[in-house]
Amino acid sequence: GAGVSQSPSNKVTEKGKDVELRCDPISGHTALYWYRQSLGQGLEFLIYFQGNSAPDKSGLPSDRFSAERTGGSVSTLTIQRTQQEDSAVYLCASSLAPRSARARIHFGNGTRLTVT
Amino acid sequence: TQLLEQSPQFLSIQEGENLTVYCNSSSVFSSLQWYRQEPGEGPVLLVTVVTGGEVKKLKRLTFQFGDARKDSSLHITAAQPGDTGLYLCAGARNNDMRFGAGTRLTVKP
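One line per chain: the protein sequences are A and B, in this order.
Numbered per the numbering used here, the first sequence spans residues 1 to 116.
Numbered per the numbering used here, the second sequence spans residues 117 to 225.
Quick look at the structure:
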């Protein structure tokens with residue numbers, strides 16, 4: 001597609017349930033990022049994928065969070081046993097070039113997750 | 117505590133006014149980017165500045181990177197309602213990009 005596509009756009013789940021968030025990056029983009037945006041907070045880095053390299057998972061807040069990127073394209077962010085503090089907008093982004101000071105990052109519109 | 121502090125947090129002005137928003141840090145960055153985010157959408161890159169003291173202009177928007185590469189400002193001349201949105205700065209260090217919490221700008225017609 002023309003841009004980064006995320007689904008679903010909104011997700012409401014009960015505390016304790018697992019959720020999966022999907023990201024389709026721009027075709028040909030080798031770098032893929034997940035960020036979390038909470039009200040009044042900046043974008044919090046979660047995880048970064050670059051080609052076939054081991055992902056940078058340093059931003060994942062707990063072991064309930066995991067992400068995969070299959071075939072170097074689509075990525076899924078999974079949150080297990082969701083908690084209310086997980087409520088946020090989860091943004092996926094991709095870039096043609098690897099992560100760097102000059103990388104032009106393209107964001108999707110995000111998935112708004114609400115944990116009740 | 118945010119690595120990048122943005123001020124003001126909220127700004128509401130009338131159409132035609134000028135404004136400046138700030139992005140400050142005690143850390144040095146190899147580059148700094150500014151994004152605008154509208155409700156329900158992801159951030160969109162406006163500019164990247166990489167040289168201390170650099171000034172870039174994008175129509176009515178002027179971006180400046182501090183001489184020490186620790187801070188940046190965004191100045192908008194003759195603001196329009198279409199400028200309404202959340203303005204985020206992001207600094208790059210060692211290939212790690214960190215974002216500020218943003219300035220939420222409202223331009224009233």
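Beta carbons are placed, not taken as given, at the ideal position from N, Cα and C, and that holds for glycine.
| field | Amino acids of chain A, ordered along the chain, whose beta-carbon sits closer than 7 angstroms to that of B/Gly157 | value | This sequence places Glu at residue 157 of chain B; Gly is not what is there. What B/Glu157 touches in chain A: Asn109.
| message | Measuring CB atoms only, is the segment 6 to 19 of chain A touching the segment 50 to 60 of chain A, in the sense that at least three cross pairs come out at less than 8 angstroms? | response | no
| request: From the DSSP output, read off the bridge partner residues of B/Thr167. | output: Its beta-bridge partners do not exist; DSSP assigns none.
| request: Can you give me the start and stop residues for the beta strand (DSSP E) that A/Glu44 sits inside? | output: 43 to 50
| query | So what does B/Lys224 bridge to, in DSSP terms? | reply | B/Gln130
| said: What does the alpha-carbon distance come out to for the pair A/Gly66 and B/Glu154? | reply: The amino acid at residue 66 of chain A is misidentified as Gly; the sequence shows Ser. For A/Ser66 and B/Glu154, the distance between alpha carbons rounds to 28 angstroms.
| request: For B/Gly169, go through chain A and note every residue whose CB falls closer than 7 angstroms to its CB, in chain order. | output: Correct list: empty, because the minimum Cβ distance to chain A is about 16 angstroms.
| request: Would you kindly work out how many angstroms separate the C-alpha atoms of A/Arg112 and B/Leu221, rounded to a whole number? | output: 22 angstroms
| Which one or two residues does DSSP pair with B/Ile192 in a beta bridge? | B/Leu135, B/Leu177
| task | With 8 angstroms as the threshold, decide whether the Cβ of B/Ala217 is near any Cβ in chain A. | result | yes
| task | Select from the segment 19 to 32 of chain A all residues with a C-beta closer than 9 angstroms to any C-beta belonging to chain B, and list them in chain order. | result | none
| Partner residues on chain A for B/Val166, Cβ-Cβ distance less than 9 angstroms | Ala101, Arg102
| query | For B/Ser146, which option in A/Arg102, A/Asn109, A/Thr116, A/Gly110 has the closest C-alpha, if you only look at C-alpha atoms? | reply | A/Arg102
| Does A/Leu91 get closer than 8 angstroms to chain B when you measure Cβ to Cβ? | yes
| By Cβ distance below 7 angstroms, which residues in the same chain neighbour A/Gly28 in space, the five residues on each side in sequence not counted? | Leu96
| message | I want to know whether the segment 184 to 192 of chain B touches the segment 128 to 137 of chain B - three or more CB-CB distances under 8 angstroms. | response | yes
| said: Would you say B/Leu221 lies against chain A (beta-carbon separation less than 8 angstroms)? | reply: no
| A/Thr114 versus A/Gly3, A/Val19, A/Ala2, residue with shortest Cα-Cα distance | A/Val19
| task | Could you have a look at A/Thr70 and say whether DSSP puts it in helix, strand or coil? | result | helix
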